[in-house]
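Novice: Just dropping this structure here.
Protein chains: 2
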Amino acid sequence: MRIETAQREQLQQWEKELEQQYQRICQHNLSLDLTRGKPAADQLALSDSLDGILNGDYRAPDGTDTRNYGGLEGIAAARELGADILQVPFEEVLAGGSSSLTLMYHAVLTGYLFGFAGNQPWKDLKAPKFLCPVPGYDRHFAICEQFGIALETVPMTATGPDMDALEQKIRDDNDIIGLWCVPKFSNPTGVTYDADTVDRLAQLAKIANPGFRIFWDNAYAIHDLDHQVKLPNIREAALGNDTADSVLQFASTSKVTHAGSGVAFVSASPANLASLKKQMSAMTIGPDKVNQLRHARLFPELSQLKEHMHKHAEILRPKFACVLEHLDKNFADSDLGQWEKPQGGYFVSFNTRLGCAQEVIRLSAEAGVKLTPAGATFPYGKDPENSNIRIAPSFPPLEELDTAMSVFVLCVKLASVRKALEAA
Amino acid sequence: MRIETAQREQLQQWEKELEQQYQRICQHNLSLDLTRGKPAADQLALSDSLDGILNGDYRAPDGTDTRNYGGLEGIAAARELGADILQVPFEEVLAGGSSSLTLMYHAVLTGYLFGFAGNQPWKDLKAPKFLCPVPGYDRHFAICEQFGIALETVPMTATGPDMDALEQKIRDDNDIIGLWCVPKFSNPTGVTYDADTVDRLAQLAKIANPGFRIFWDNAYAIHDLDHQVKLPNIREAALGNDTADSVLQFASTSKVTHAGSGVAFVSASPANLASLKKQMSAMTIGPDKVNQLRHARLFPELSQLKEHMHKHAEILRPKFACVLEHLDKNFADSDLGQWEKPQGGYFVSFNTRLGCAQEVIRLSAEAGVKLTPAGATFPYGKDPENSNIRIAPSFPPLEELDTAMSVFVLCVKLASVRKALEAA
């Protein structure tokens, strides 16, 4: 199906056929959900031994009684797990509660109210701004929106953010004090930043406000589908450029063990970590060390962690294949949309023809398939091209996903044809 | 021993004898700790069945898969536990992570940056202030200090804060926007607020800034030592006065199950809860529901919870008795100090003669007994009378506590005699 070259009669004919198919599907009363990157039940079950794993022994390897108060940085054994995931020294890791989003929120809070490493608090800038590559992750945007930090977009490319555009913005505006990154299997495009991108990111501190921080949300650090995709080490790049203070790294076991009750990590330079700990010390006596110990027991060595992630990949692989097969079969020779083939992570990002995303999502919803709201991958929920749709294939069982994708491709076609007819 | 009426020779004689005793004790190389209200290992062990209690079944009673993302308010079964502890309706309870201090921090953050229930954010006031009854809890003060919210003290009495002083301050200063309370077994004096106090507190909103909030930290709601001490219900008092929005209640299972990995609760009016949830929604997808479910399984009914708290009381009772016995035996007929006899909670508050606390704590530390730093029970660490010392008897085993208290009473005597000699 090629819209651009189709005659009006052809479009009308397509619309009629698609409309009939759509009406039939609507009668099935489907209730399917592709909205969020939630692990499926069989993925969660991989970690069900967590409850009971302590076998009555609540002592951490270093002798800490994890049941009692104390230890703002988390137990050493958990920090080592975070260090393995982020490939950084354990001394630079703080192991927190169950949510890396919460750690990011407190890092923004720290920068905003108190300033990192002796720098000016962001609130004292005239118009503090974060850069966000788009499409991106709505929960990152929401943190900035809550603090009244403006969001400026830069386009994502196949190798990471458009670095020319990004550097230019930083040169032009000293009030840019942050950058959101999902550097591996980017949410939602699935892209992994290449070496040149990482190196240029590590140099941003040379042209940015001294308070500028890169929020390196490495949510999918070990979430490869087939082979291991290598993300260049931002810490090493920053150390090489004498810009170590400009990077804050985040990770968690949310998509490794149990999504709502994992362990989250932040890694940063000693100066940044001191700023974070100062903020946190007023807020908590320490994180849940018992749950940290459970995780350390589940993954005593990196090899167990890797083996565990292979099991996740085995469950996720057919789901990604299903999505890509539907897209390939229906749109490979068309002008109805573009997408990337991610090698890991939790999403497939699909771009419709200009101005069609909202209608695709509406049609899908009416047919019983919930998709992430149009615009969610852009700040303030506004996709200027109204074309990006984030598909999250992990949660539904394979058969449901297959049905949902049939509905989705049909809705893409119907919305595209109708849009073309309106314009004709 | 009575200092006031002692002759100089008598004081010198006492000093000599006490000095000798002190030197002997210093040679024992003790290492004892009465600093913080930490449960002892045998108390923690009461809840060791938590790990493994799920027996592979991660479903909450309402069907929620606790392993996955979602549910900002916590699971219903956990909220019901919080409702039991705080004696409020479950709909007004949010069950959070492991720390009620964190919930208080976020409540202050909400008031400070965004404002509760449509009220002006506290940061926009000229000089936002919290009132704190003293002696009080240092971690409450630390939250305000971090946000630059000034702290004004009001004296504690045997029935709660000095309400005349408190009301006067609120009448005099519209920038007072908060009040810290530990209403039952107050930290550190052990006092429980009486009905008149609670009723007057519930009426404060009538004379205060509309953004004024009472932080009702009911940390020891069910932590009675002997008989159940009844705290009047602040929610009901506030409803009766049409001031429900002026109260935020907090509790946790930190001193019920495992101190570092319990479940924390906040209870508030629908308008306040909406403000809190708005703030939290940018920060987290939801709390650790698996741990919440563990707690719900441990305490399916209020009766199990009560039985569990009786076991804590059995362990704590001899420790409080030990502290009080040392104080009674040494100081009942003296002018060396005053103290309350708490019916529950975690502390005994001791007031030395004017200006002696710091020296008692220094002497104890040198003899190997760590006490909470002098001044910690006052904002900015400054006890104007340098007399309050918080004794936390829960953590050490009984024999160690007994030794530590021998050191303590000796140090009180030595510091008091020396001070008197200086002044003479």
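Each protein sequence line maps, in turn, to chains P and F.
For reference, each letter of the first sequence is one residue, going 1213 to 1636 in this note's numbering.
For reference, each letter of the second sequence is one residue, going 1213 to 1636 in this note's numbering.
Every residue gets a Cβ at the ideal spot worked out from N, C-alpha and C, and that includes glycine.
1. In its own chain, which residues sit with a C-beta less than 6 Å from the C-beta of residue 1400 of chain P, not counting the 5 before and 5 after it?
2. Tell me residue 1387 of chain F's beta-bridge partners as DSSP assigns them.
3. Quick one: using the 10 Å Cβ neighbour count with 16 as the cut-off for buried, is residue 1537 of chain F buried or exposed?
4. Classify residue 1609 of chain P as buried or exposed, calling it buried when 16 or more other Cβ atoms lie within 10 Å of its own Cβ.
5. Between residue 1390 of chain F and chain P, is there a C-beta pair that is closer than 8 Å?
6. Counting only beta-carbon atoms, is residue 1279 of chain F nearer than 8 Å to chain P?
7. What separation, rounded to the nearest whole angstrom, lies between the Cα atoms of residue 1420 of chain F and residue 1388 of chain F?
8. Compare the C-alpha of residue 1372 of chain F against each of F:1398, F:1362, F:1356, F:1611 and name the closest.
9. Which runs of the beta strand (DSSP E) fall wholly inside the segment 1536 to 1561 of chain P and span at least 3 residues, in chain order?
10. Just to check, is the beta-carbon of residue 1442 of chain F closer than 7 Å to a non-hydrogen atom of the ligand SAH?
11. Can you tell which of F:1408, F:1525, F:1547 has the C-alpha that lies nearest to the C-alpha of residue 1557 of chain F?
12. May I ask you to report which of helix, strand or coil DSSP gives residue 1563 of chain F?
13. Comparing the C-beta of residue 1517 of chain P with each C-beta of chain F, is any distance below 8 Å?
14. Checking 8 Å against the spacing of the C-beta atoms, do residue 1310 of chain F and residue 1474 of chain F come in under that value?
15. Please list the partners that residue 1653 of chain P has in chain F, where partner means a Cβ-to-Cβ separation under 9 Å.
16. Can you list, in chain order, the residues of its chain with a C-beta nearer than 6 Å to that of residue 1317 of chain P? Leave out the 5 residues immediately preceding and following it.
17. Do residue 1503 of chain F and residue 1621 of chain F have their CB atoms nearer than 8 Å?
18. Compare the C-beta of residue 1496 of chain P with all C-beta atoms of chain F and state if any pair is closer than 8 Å.
19. Quick check on this structure: which residue in F:1577, F:1599, F:1459 has the alpha carbon closest to the alpha carbon of residue 1418 of chain F?
20. Is residue 1228 of chain F helix, strand or coil by DSSP?
21. Please tell me whether residue 1470 of chain P has its Cβ less than 8 Å away from any Cβ of chain F.
22. Cβ closer than 7 Å: which chain F residues qualify as neighbours of residue 1485 of chain P?
23. For residue 1531 of chain F and residue 1444 of chain P, I'd like the C-alpha separation in whole angstroms.
24. With residue 1290 of chain P and residue 1520 of chain P assumed to form a contact (beta carbons below 8 Å), what rounded beta-carbon distance in angstroms separates them?
25. Going by alpha carbons, who is nearest to residue 1573 of chain F out of F:1229, F:1247, F:1241?
26. Let me see if you follow: with CB-CB separation under 8 Å, is residue 1243 of chain F close to chain P or not?
27. To which residues of the same chain is residue 1568 of chain F closer than 6 Å at the C-beta, ignoring the five residues directly before and after it?
28. With DSSP as the reference, label residue 1302 of chain P as helix, strand or coil.
29. Hey, residue 1625 of chain P and residue 1548 of chain P: beta-carbon distance below 8 Å or not?
30. Does the Cβ of residue 1243 of chain P have 16 or more other Cβ atoms within 10 Å, making it buried, or fewer, making it exposed?
31. CB-CB under 6 Å to residue 1255 of chain P, same chain, minus the five flanking residues each way: which ones, in chain order?
32. In three-state terms, what does DSSP make of residue 1316 of chain F?
33. Tell me where the alpha helix (DSSP H) around residue 1461 of chain F begins and ends.
34. Who are the neighbours of residue 1251 of chain P on chain F, taking C-beta pairs under 9 Å?
35. Residue 1478 of chain P: which of P:1278, P:1303, P:1213 sits nearest, CA to CA?
36. Can residue 1476 of chain P and residue 1314 of chain P be called in contact, C-beta distance under 8 Å?
Specialist: In short, the structure shows the following:
1. 1347, 1559, 1561, 1589, 1602
2. None; residue 1387 of chain F has no bridge partner.
3. exposed
4. exposed
5. no
6. yes
7. 7 Å
8. F:1398
9. 1549 to 1551
10. With respect to the ligand SAH, the structure shown offers nothing to examine, as it has no ligands at all.
11. F:1525
12. strand
13. no
14. yes
15. Residue coverage of chain P in this structure runs from 1213 to 1636, which leaves residue 1653 of chain P outside it and unanswerable.
16. 1355
17. no
18. yes
19. F:1459
20. helix
21. yes
22. Going along chain F, no residue has its Cβ under 7 Å from residue 1485 of chain P, so there is no contact; the nearest lies around 17 Å.
23. 57 Å
24. At roughly 16 Å, the Cβ-Cβ gap does not stay under 8 Å, so residue 1290 of chain P and residue 1520 of chain P are not in contact.
25. F:1247
26. no
27. 1627, 1628, 1631
28. helix
29. yes
30. exposed
31. 1524, 1527
32. helix
33. First-last for residue 1461 of chain F: 1459 to 1464, but that is the beta strand (DSSP E), not the alpha helix (DSSP H).
34. 1279, 1280, 1281
35. P:1303
36. yes
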